[in-house]
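Peer 1: Have a look at this one before I ask anything.
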Amino acid sequence: MSTKTDTPREPDSGAGAAGDLGTAGSQLSTAPQEDVTFPSLGPIGWARWFWRQLTSMRVALLLLFLLSIGAIPGSLIPQTSIDPVKVDQFKADHSTLGGIYDKLGMFHVYSSVWFSAIYLLLFISLIGCIVPRSWQFVGQLRGRPPAAPRRLTRLPAYTTWRTDAAPEEVLGAARRLMKKRRFRTHRTGTAVAAEKGYLREAGNLIFHVALIVMLVAFAVGSLWKSEGGKLVTEGDGFANSLTQFDDFKSGAFFDTDTMEPFGFTLNKFEATYERSGPQKGTPRTFRAHVTYYTGADGKEHRKAVEVNTPLDIAGSKVFLLSHGYAPEVTVKDGRGKVVYKGAVPFLPQDPKNLTSTGVVKVPGAQTKDGKRNQLGFQGFFVPTFGGKGSGSMFSQFPALDYPVLTLTAYHGDLGVDSGLPQNVYQLQKKYLKQYKVKGAPLAKMMLPGETMKLPDGDGSIQFTGIKNWASFKITHQPGNGLALTGAVAALLGLAGSLFIQRRRVWIRAEAGPDGVTVVEMAGLGRSESPRLPEELGDLAGALEPDAPLVPDAVAGPESDPQPEPAPGAASGSEDPAEPTDSDGPAEPSEGARA
Numbered sequence: 015m016s017t018k019t020d021t022p023r024e025p026d027s028g029a030g031a032a033g034d035l036g037t038a039g040s041q042l043s044t045a046p047q048e049d050v051t052f053p054s055l056g057p058i059g060w061a062r063w064f065w066r067q068l069t070s071m072r073v074a075l076l077l078l079f080l081l082s083i084g085a086i087p088g089s090l091i092p093q094t095s096i097d098p099v100k101v102d103q104f105k106a107d108h109s110t111l112g113g114i115y116d117k118l119g120m121f122h123v124y125s126s127v128w129f130s131a132i133y134l135l136l137f138i139s140l141i142g143c144i145v146p147r148s149w150q151f152v153g154q155l156r157g158r159p160p161a162a163p164r165r166l167t168r169l170p171a172y173t174t175w176r177t178d179a180a181p182e183e184v185l186g187a188a189r190r191l192m193k194k195r196r197f198r199t200h201r202t203g204t205a206v207a208a209e210k211g212y213l214r215e216a217g218n219l220i221f222h223v224a225l226i227v228m229l230v231a232f233a234v235g236s237l238w239k240s241e242g243g244k245l246v247t248e249g250d251g252f253a254n255s256l257t258q259f260d261d262f263k264s265g266a267f268f269d270t271d272t273m274e275p276f277g278f279t280l281n282k283f284e285a286t287y288e289r290s291g292p293q294k295g296t297p298r299t300f301r302a303h304v305t306y307y308t309g310a311d312g313k314e315h316r317k318a319v320e321v322n323t324p325l326d327i328a329g330s331k332v333f334l335l336s337h338g339y340a341p342e343v344t345v346k347d348g349r350g351k352v353v354y355k356g357a358v359p360f361l362p363q364d365p366k367n368l369t370s371t372g373v374v375k376v377p378g379a380q381t382k383d384g385k386r387n388q389l390g391f392q393g394f395f396v397p398t399f400g401g402k403g404s405g406s407m408f409s410q411f412p413a414l415d416y417p418v419l420t421l422t423a424y425h426g427d428l429g430v431d432s433g434l435p436q437n438v439y440q441l442q443k444k445y446l447k448q449y450k451v452k453g454a455p456l457a458k459m460m461l462p463g464e465t466m467k468l469p470d471g472d473g474s475i476q477f478t479g480i481k482n483w484a485s486f487k488i489t490h491q492p493g494n495g496l497a498l499t500g501a502v503a504a505l506l507g508l509a510g511s512l513f514i515q516r517r518r519v520w521i522r523a524e525a526g527p528d529g530v531t532v533v534e535m536a537g538l539g540r541s542e543s544p545r546l547p548e549e550l551g552d553l554a555g556a557l558e559p560d561a562p563l564v565p566d567a568v569a570g571p572e573s574d575p576q577p578e579p580a581p582g583a584a585s586g587s588e589d590p591a592e593p594t595d596s597d598g599p600a601e602p603s604e605g606a607r608a
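Converting from the sequence shown to the working numbering requires adding 14 to each position, the first position being numbered 1.
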């Protein structure tokens with residue numbers, strides 16, 4: 015048996031080779047053939063040219079690259095939809111740059127005109143690129159492998175040998191062998207044509223369809239999403255209603271009337287911290303124990319929500335974000351009546367050791383003679399106070415080792431009756447006066463159980479205890495399952511298009527002038543691959559029992575000497591055939607001279 019691989023071509027044999035291969039070397043790819051002619055002038059011609067450019071694969075890749083580049087500012091520049099306060103602060107700190115960014119839509123990148131234009135053009139380009147390729151691929155699946163080329167010796171992988179088996183027996187065995195190896199086969203004259211590797215093109219199409227699915231999923235998730243935050247103190251709860259959110263934002267098509275009824279109650283927050291070493295203060299346990307329900311009369315269930323294990327409920331996810339402390343206070347006015355009692359969340363200013371600030375607003379207080387006297391308290395809370403002489407009101411550790419609450423008292427008008435919204439964590443002092451004792455502002459550091467009395471008998475405030483609070487983010491993000499499906503399909507399709515090789519194999523068996531059957535086998539792949547000659551050699555070895563080689567003694571005296579086989583090619587004898595580049599018709603015995 016003799017073989018050859020990667021037969022060198024003469025400089026002037028390109029046209030002849032194309033004519034020899036004919037349809038055998040065509041349609042190995044579903045990529046549409048490009049028309050190099052320019053369209054005629056006029057609106058229709060230019061529209062056709064623009065459409066061809068838009069639906070080309072290189073333009074689709076360019077748009078995908080631009081989309082990824084365009085998403086970078088959305089990660090680096092504050093976005094209005096995420097944190098409008100940071101956007102306002104950025105504009106205040108960078109007046110010139112902020113104005114430029116505002117005109118370019120950098121503060122709302124994902125809803126800007128230019129980002130939407132890239133997104134839509136990519137969507138159209140992918141559809142226009144995939145549809146014709148899909149039809150062409152379907153046509154190839156319905157078709158048959160093309161007939162064998164006139165000269166198999168011109169193909170990249172080639173082998174030949176002589177056998178005493180009849181041509182029909184060889185072709186029948188070859189067809190059975192190729193079907194067993196899952197090749198599509200077709201008998202044409204004295205040759206069997208076989209083809210394999212259609213999953214390569216299927217994977218290519220699946221990859222691009224998956225990109226469209228992911229784009230649709232991202233669009234659905236952006237237009238119908240909702241997201242809000244809620245701070246919940248131990249013992250309190252949350253219901254999925256617009257008025258229950260501390261902050262809320264949604265997509266353009268989200269309907270608040272369709273919000274699923276569910277809720278949860280924070281039973282207990284559990285947190286432990288590293289006590290020593292370089293990681294002192296690092297959370298070791300960070301867990302919120304909640305009781306949740308779905309529906310108006312849903313059954314209650316218990317679950318522990320952690321940072322990486324959100325609560326999945328009614329199509330929404332509840333994420334645990336942060337934790338802090340809420341000092342419990344009891345406020346009495348000048349009449350001795352309890353006008354406020356409860357836990358007040360203080361917001362951490364030091365995320366490591368949880369030094370926190372907060373305010374207590376008491377709009378219903380009165381003086382001892384019944385006059386209106388709204389009270390306000392601004393304070394600091396530290397879970398672990400450094401003690402007197404530390405020189406600062408800062409926490410030394412995030413756990414409740416030595417909790418201290420410091421309050422400064424005000425009275426007057428809190429401004430809550432003006433009808434304007436207020437930040438519940440800030441105290442507006444415009445119409446307030448600070449209490450003073452002997453000319454000094456009234457302020458007191460208190461341990462749990464201690465009380466601060468107000469001057470002139472205006473009342474008191476008692477530090478009664480401490481509760482934990484936890485902040486949650488409640489998100490409804492439709493399209494996540496669709497996006498995951500598209501991502502998995504894209505990976506599978508990409509793997510198929512990269513690792514599966516589409517190739518064709520032809521086996522020709524004809525009787526030579528001396529009556530001995532000449533078997534020729536050749537292969538052609540879509541791209542150059544060292545595995546093709548190896549596979550061809552394996553097929554030739556599997557076919558050899560049904561088409562055994564003729565002993566060298568059978569060869570006639572007129573046989574020509576043959577060159578050594580090419581490295582890596584399939585071989586079955588020491589006398590490989592020498593390919594010919596003759597322009598004349600190929601003789602059946604031309605590749606089997608011994």
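Ideal Cβ positions, reconstructed from N, Cα and C, are used throughout, including at glycine.
Note that this is a predicted model, so its numbers are computed, not measured.
Beta-carbon within less than 8 Å of Ala285's beta-carbon, same chain only, minus the 5 sequence neighbours each way: which residues are those?
Peer 2: As a first step, residue 285 is located in the sequence shown; it is residue number 271 there, counting from the start. Result list for Ala285: Pro297, Thr299, Phe300, Arg301, His337, Pro412, Ala413 and Asn482, in chain order.
Peer 1: Going along the chain, which unbroken runs of the alpha helix (DSSP H) with 4 or more residues stay wholly within the region 367-409?
Peer 2: Those alpha helix (DSSP H) runs which fall completely within the region 367-409 and span 4+ residues do not exist here.
Peer 1: Given a threshold of 16 other Cβ atoms within 10 Å of its Cβ, counted over all protein chains shown, does Lys444 qualify as buried or as exposed?
Peer 2: Position 430 of the sequence shown, counted from the first residue, corresponds to residue 444. So Lys444 ends up on the exposed side.
Peer 1: Hey, is the region 95-108 in contact with the region 68-77, meaning 3+ C-beta pairs nearer than 8 Å?
Peer 2: Touching, no, given that fewer than three Cβ pairs across the two stretches are closer than 8 Å.
Peer 1: Closer than 6 Å by C-beta to Ala171: which residues in its own chain qualify, once you throw out the five before and the five after it? Chain order, please.
Peer 2: Looking up residue 171 in the sequence shown gives position 157. Answer for Ala171: Thr19, Gly537, Leu546, Pro547 and Leu550, listed in chain order.
Peer 1: Less than 7 Å between the C-beta atoms of Gly153 and Val123, yes or no?
Peer 2: If you number the sequence shown from 1, residue 153 lands on position 139. If you number the sequence shown from 1, residue 123 lands on position 109. In this structure, Val123 does not lie closer than 7 Å to Gly153 by Cβ.
Peer 1: Where Glu274 and Leu213 are concerned, what is the direct C-alpha to C-alpha distance, given to the nearest angstrom?
Peer 2: Working through the sequence shown from its first residue, we reach residue 274 at position 260. Working through the sequence shown from its first residue, we reach residue 213 at position 199. Roughly 43 Å between the two C-alpha positions.
Peer 1: Can you find at least 3 beta carbon pairs, one from the region 469-488 and one from the region 347-357, that sit closer than 8 Å?
Peer 2: Because the criterion of three Cβ pairs below 8 Å is met, the region 469-488 and the region 347-357 touch.
Peer 1: Which runs of the alpha helix (DSSP H) at least 4 residues long sit entirely within the region 503-566? Give them in chain order.
Peer 2: List check, alpha helix (DSSP H) in window: 545-557.
Peer 1: Where Arg190 and Thr199 are concerned, what is the direct C-alpha to C-alpha distance, given to the nearest angstrom?
Peer 2: Sequence index remark: in the sequence shown, residue 190 carries index 176 (1-based). Sequence index remark: in the sequence shown, residue 199 carries index 185 (1-based). Roughly 9 Å separates the two Cα atoms.
Peer 1: Check Ala180 in the structure and name its three-state DSSP category.
Peer 2: Within the sequence shown, the letter at position 166 stands for residue 180. Ala180: coil per DSSP, three-state reduction.
Peer 1: Counting Cβ pairs, one atom from each stretch, are 3 or more of them under 8 Å apart for the region 232-241 and the region 488-495?
Peer 2: Touching, per the Cβ criterion.
Peer 1: I'd like the span of the beta strand (DSSP E) that includes Met459, first residue to last.
Peer 2: Taking the first residue of the sequence shown as position 1, residue 459 is located at position 445. Here the beta strand (DSSP E) through Met459 covers Ala457 to Met460.
Peer 1: Are three or more beta carbon pairs between the region 242-255 and the region 171-180 nearer than 8 Å?
Peer 2: The answer is no - the region 171-180 does not touch the region 242-255, with fewer than three Cβ pairs under 8 Å.
Peer 1: On the premise that Glu534 lies in contact with Leu166, defined as a C-beta separation below 8 Å, what is that separation, rounded to the nearest angstrom?
Peer 2: As a position in the sequence shown, residue 166 is number 152, starting the count at 1. As a position in the sequence shown, residue 534 is number 520, starting the count at 1. With 8 Å as the limit, Leu166 and Glu534 qualify as a contact, their Cβ atoms being about 5 Å apart.
Peer 1: Does the contact criterion of 3 or more C-beta pairs under 8 Å hold for the region 513-526 versus the region 207-222?
Peer 2: Touching, per the Cβ criterion.
Peer 1: If you scan the region 144-197 from start to end, which runs of the beta strand (DSSP E) of 3 or more residues do you find wholly inside it?
Peer 2: Those beta strand (DSSP E) runs which fall completely within the region 144-197 and span 3+ residues are 171-177.
Peer 1: Helix, strand or coil for Ser82? Go by DSSP, reduced to three states.
Peer 2: Walking along the sequence shown from the start, residue 82 turns up at place 68. Ser82 falls in the helix class under three-state DSSP.
Peer 1: Between the Cα of Asn281 and the Cα atoms of Phe232, Glu241 and His315, which residue gives the shortest distance?
Peer 2: As a first step, residue 281 is located in the sequence shown; it is residue number 267 there, counting from the start. Considering only alpha carbons, the answer is His315.
Peer 1: What are the residues that DSSP puts in a beta bridge with Lys2?
Peer 2: Any answer about residue 2 is impossible in this case: the structure gives the chain only from 15 up to 608.
Peer 1: Ignoring anything shorter than 4 residues or poking outside the region 193-274, list the alpha helix (DSSP H) runs there in chain order.
Peer 2: The qualifying runs are 212-237.
Peer 1: On the DSSP letters alone, give me the boundaries of the beta strand (DSSP E) that Ile58 sits inside.
Peer 2: The residue given as residue 58 occupies position 44 in the sequence shown. No beta strand (DSSP E) holds Ile58; the alpha helix (DSSP H) holding it covers Pro57 to Leu68.
Peer 1: Around the Cβ of Phe197, are there at least 16 other Cβ atoms within 10 angstroms (buried) or fewer (exposed)?
Peer 2: In the sequence shown, counting from the first residue as 1, residue 197 sits at position 183. Buried.
Peer 1: Evaluate contact between the region 124-144 and the region 224-231, counting only Cβ atoms and requiring at least three cross-stretch pairs below 8 Å.
Peer 2: These segments touch.
Peer 1: Of the residues Gly400, Ile514 and Ile132, which one's Cα is nearest the Cα of Leu76?
Peer 2: For this step, residue 76 is matched to residue 62 along the sequence shown. For Leu76, the nearest C-alpha among the options comes from Ile132.
Peer 1: Going by DSSP in three states, His122 sits in which element: helix, strand or coil?
Peer 2: As a working mapping, residue 122 is identified with position 108 in the sequence shown. Residue state, collapsed to three classes: helix.
Peer 1: Determine the extent of the beta strand (DSSP E) in which Asp326 is found, giving its start and end residues.
Peer 2: Numbered from its first residue, the sequence shown carries residue 326 at position 312. Segment Leu325 to Ile327, the beta strand (DSSP E) holding Asp326.
Peer 1: For Thr257, is the classification buried or exposed, using 16 other Cβ atoms within 10 angstroms of its Cβ as the cut-off for buried?
Peer 2: As a first step, residue 257 must be located in the sequence shown, where it is residue number 243. Classification of Thr257: exposed, given that the 10 Å Cβ count is below 16.
Peer 1: Run through DSSP, which three-state label would Pro469 get?
Peer 2: Working through the sequence shown from its first residue, we reach residue 469 at position 455. Three-state result, Pro469: helix.
Peer 1: At what residues does the alpha helix (DSSP H) containing Gln103 begin and finish?
Peer 2: Locating residue 103 in the sequence shown gives position 89, counting from the first residue. Looking at the DSSP string, the run of the alpha helix (DSSP H) that includes Gln103 is Pro98 to Asp107.
Peer 1: Contact defined as beta carbons within less than 8 Å: I believe Ile480 pairs with Glu342. What is the distance between those atoms, to the nearest angstrom?
Peer 2: Here residue 480 is taken as the residue at index 466 of the sequence shown, counted from 1. Here residue 342 is taken as the residue at index 328 of the sequence shown, counted from 1. Confirmed, about 6 Å.
Peer 1: Could you tell me whether the Cβ atoms of Ser409 and Leu368 are closer together than 7 Å?
Peer 2: The sequence position of residue 409 within the sequence shown is 395, counting from 1. The sequence position of residue 368 within the sequence shown is 354, counting from 1. Against a cut-off of 7 Å, the Cβ pair of Leu368 and Ser409 comes out as a contact.
Peer 1: With a 10 Å radius around its C-beta and 16 neighbouring C-beta atoms as the bar for buried, classify Phe399 as buried or exposed.
Peer 2: Working through the sequence shown from its first residue, we reach residue 399 at position 385. The residue is buried, with at least 16 neighbouring Cβ atoms inside 10 Å.
Peer 1: Report the rounded CA-to-CA distance for Ile514 versus Trp128, giving the unit in angstroms.
Peer 2: Looking up residue 514 in the sequence shown gives position 500. Looking up residue 128 in the sequence shown gives position 114. If you take the alpha carbons of Ile514 and Trp128, they lie about 38 Å apart.
Peer 1: Go through its chain and collect everything with a Cβ distance to Phe221's Cβ below 7 Å, but skip five positions before and after it.
Peer 2: Counted from its first residue, the sequence shown places residue 221 at position 207. Within the same chain, Phe221 has close Cβ partners Ala504, Gly507, Leu508 and Ser511.
Peer 1: Going by Cα to Cα distance, which pick from Gly291, Gly295 and Leu325 is closest to Thr305?
Peer 2: Here residue 305 refers to the residue found at position 291 when the sequence shown is read from its first residue. Cα-wise, what sits closest to Thr305 is Leu325.
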